[in-house]
Amino acid sequence: MLSYRHAFHAGNFADVLKHSVLSLVLDYMTRKEKGFCYIDSHSGAGMYQLAEEYAQKTGEYKDGIAKIINDDHAPEALAPYLSLINSLNLSPDSEASSELKVYPGSPGIAKAFVRRQDSSHLFELHPTDIKHLEDFCQRWRKVFVKQSDGYKGVLGLLPPPSRRGVVLIDPPYELKEDYQKAVKTIIKAYAKFSTGTYILWYPVVKRELVEEMQQAFTASAVKNVLQVEFCMTADTDEYGMTGTGLFIVNPPWQLTTQLEEILPYMKTKLGSNDSHYSLKQLIAE
Numbered sequence: 027m028l029s030y031r032h033a034f035h036a037g038n039f040a041d042v043l044k045h046s047v048l049s050l051v052l053d054y055m056t057r058k059e060k061g062f063c064y065i066d067s068h069s070g071a072g073m074y075q076l077a078e079e080y081a082q083k084t085g086e087y088k089d090g091i092a093k094i095i096n097d098d099h100a101p102e103a104l105a106p107y108l109s110l111i112n113s114l115n116l117s118p119d120s121e122a123s124s125e126l127k128v129y130p131g132s133p134g135i136a137k138a139f140v141r142r143q144d145s146s147h148l149f150e151l152h153p154t155d156i157k158h159l160e161d162f163c164q165r166w167r168k169v170f171v172k173q174s175d176g177y178k179g180v181l182g183l184l185p186p187p188s189r190r191g192v193v194l195i196d197p198p199y200e201l202k203e204d205y206q207k208a209v210k211t212i213i214k215a216y217a218k219f220s221t222g223t224y225i226l227w228y229p230v231v232k233r234e235l236v237e238e239m240q241q242a243f244t245a246s247a248v249k250n251v252l253q254v255e256f257c258m259t260a261d262t263d264e265y266g267m268t269g270t271g272l273f274i275v276n277p278p279w280q281l282t283t284q285l286e287e288i289l290p291y292m293k294t295k296l297g298s299n300d301s302h303y304s305l306k307q308l309i310a311e
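For the sequence shown, the positions run 27 to 311 when this note's numbering is used.
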């Protein structure tokens, strides 16, 4: 199934959480001179045009990034993320545009942080998105783009030669099996490379699927797992995503504190009285 297009959802509340965390993790990795490897299992197109049909049809970014991009009172923890989005939307006179024109996918976030000594490996199966991704990466040094199964691709690259790495697993969850497949991939990856940082994104559509992911992690040998979740509304049996979350294996040491700033801010700016969030150490170090 290859019907999913992230262009419909670019910049929504789920992206705000996912990409702010990814920005913080990558920012942390660049504090050491030694290179690292970035691996993205489901990369998408790389960059999204918010004026185009897909983004305009849903307008999800208007209830996400658009609500916070120009907020001078955003918490310091969001600075790496918001600065990046602003830099991508600079007008010709180098001033931030009042209107968002573009929004980066995870490869676009990574490209802003990786250095000459770092390498990036991007996987994408969708025939249209892979072409956009290849175009996006044309002038990016030490990036490797493959139209292949990202789950297998992740496992084939571990451990990286540098023994430093960040792995993002961000499937579309078109198939119910993706929930367990994503967790199992991290469990296998951890067995090969236990010191890497792994970020697994998930949608809250059916609570029992998230609980099954938690159970799979806690029954495994994986240690040091942080779970963060932001939900716009209460869980429901109706169709649709009510919230979003991340499992983060081996998170940077300050990330919990940073998320303690980000989550209440997201509730205030993006949510409502029905919104809620959680942050917990699912598995100890």
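Built from N, CA and C at the ideal position, the CB exists for glycine as well. Model, not experiment: these values are computed from the prediction.
Taking the beta strand (DSSP E) that Lys172 belongs to, which residues open and close that run?
Translated into positions along the sequence shown, residue 172 becomes position 146. From DSSP, the beta strand (DSSP E) with Lys172 extends over Val169 to Lys172.
List the endpoints of the continuous alpha helix (DSSP H) containing Gly191.
Translated into the one-based positions of the sequence shown, residue 191 becomes position 165. Gly191 -> not in any alpha helix (DSSP H); beta strand (DSSP E) instead, spanning Gly191 to Ile195.
Which residues bound the beta strand (DSSP E) around Tyr74?
On the sequence shown, residue 74 is found 48 positions in, with the first residue counted as 1. Met73 to Gln75 is the span of the beta strand (DSSP E), which, as asked, contains Tyr74.
Hey, could you find the ends of the alpha helix (DSSP H) Asp41 is sitting in?
The residue labelled residue 41 in the question sits at position 15 within the sequence shown. Segment Phe39 to Met55, the alpha helix (DSSP H) holding Asp41.
If you reduce the DSSP assignment to three classes, tell me which class His99 lands in.
Looking up residue 99 in the sequence shown gives position 73. Three-state result, His99: coil.
Could you say if the region 127-140 and the region 60-68 meet the contact criterion of at least three C-beta pairs nearer than 8 Å?
yes
Enumerate in chain order the residues of its own chain whose CB-to-CB distance from Ala242 is below 8 Å, with the five nearest sequence positions on each side excluded.
Position 216 of the sequence shown, counted from the first residue, corresponds to residue 242. So the qualifying residues of the chain are Gln206, Val209, Lys210 and Ile213.
Determine the extent of the beta strand (DSSP E) in which Gln307 is found, giving its start and end residues.
Here residue 307 is taken as the residue at index 281 of the sequence shown, counted from 1. Gln307 -> beta strand (DSSP E) spans His302 to Ile309.
Taking the alpha-carbon of Ile95 as reference, which of Asp300, Tyr303, Leu296 and Leu281 has the nearest alpha-carbon?
Stepping through the sequence shown from its first residue, residue 95 is reached at position 69. The shortest C-alpha separation from Ile95 is found at Leu296.
Starting from Asp161, trace the alpha helix (DSSP H) in both directions and tell me its first and last residue.
On the sequence shown, position 135 is the one that residue 161 refers to. Asp161 -> alpha helix (DSSP H) spans Pro153 to Phe162.
Give the DSSP bridge partners of Leu226, in chain order.
The residue given as residue 226 occupies position 200 in the sequence shown. DSSP output for Leu226 lists Ile195 and Phe273 as bridge partner(s).
Is Leu148 helix, strand or coil by DSSP?
Looking up residue 148 in the sequence shown gives position 122. If DSSP states are grouped into helix, strand and coil, Leu148 belongs with the strands.
Exposed or buried, what is Asp204 when buried is set at 16 or more other beta-carbons lying within 10 Å of its beta-carbon?
The residue labelled residue 204 in the question sits at position 178 within the sequence shown. Buried.
With 16 other Cβ atoms within 10 Å as the buried cut-off, status of Asp97:
Within the sequence shown, numbered from 1, the residue matching residue 97 stands at position 71. The residue is exposed, with fewer than 16 neighbouring Cβ atoms inside 10 Å.
Kindly list the residues whose CB is nearer than 6 Å to the CB of Phe39, restricted to its own chain and excluding five residues on each side of it in sequence; keep chain order.
One-based indexing of the sequence shown puts residue 39 at position 13. If we look at Phe39 and ignore the five residues flanking it on each side, its Cβ neighbours are Gly90 and Leu296.
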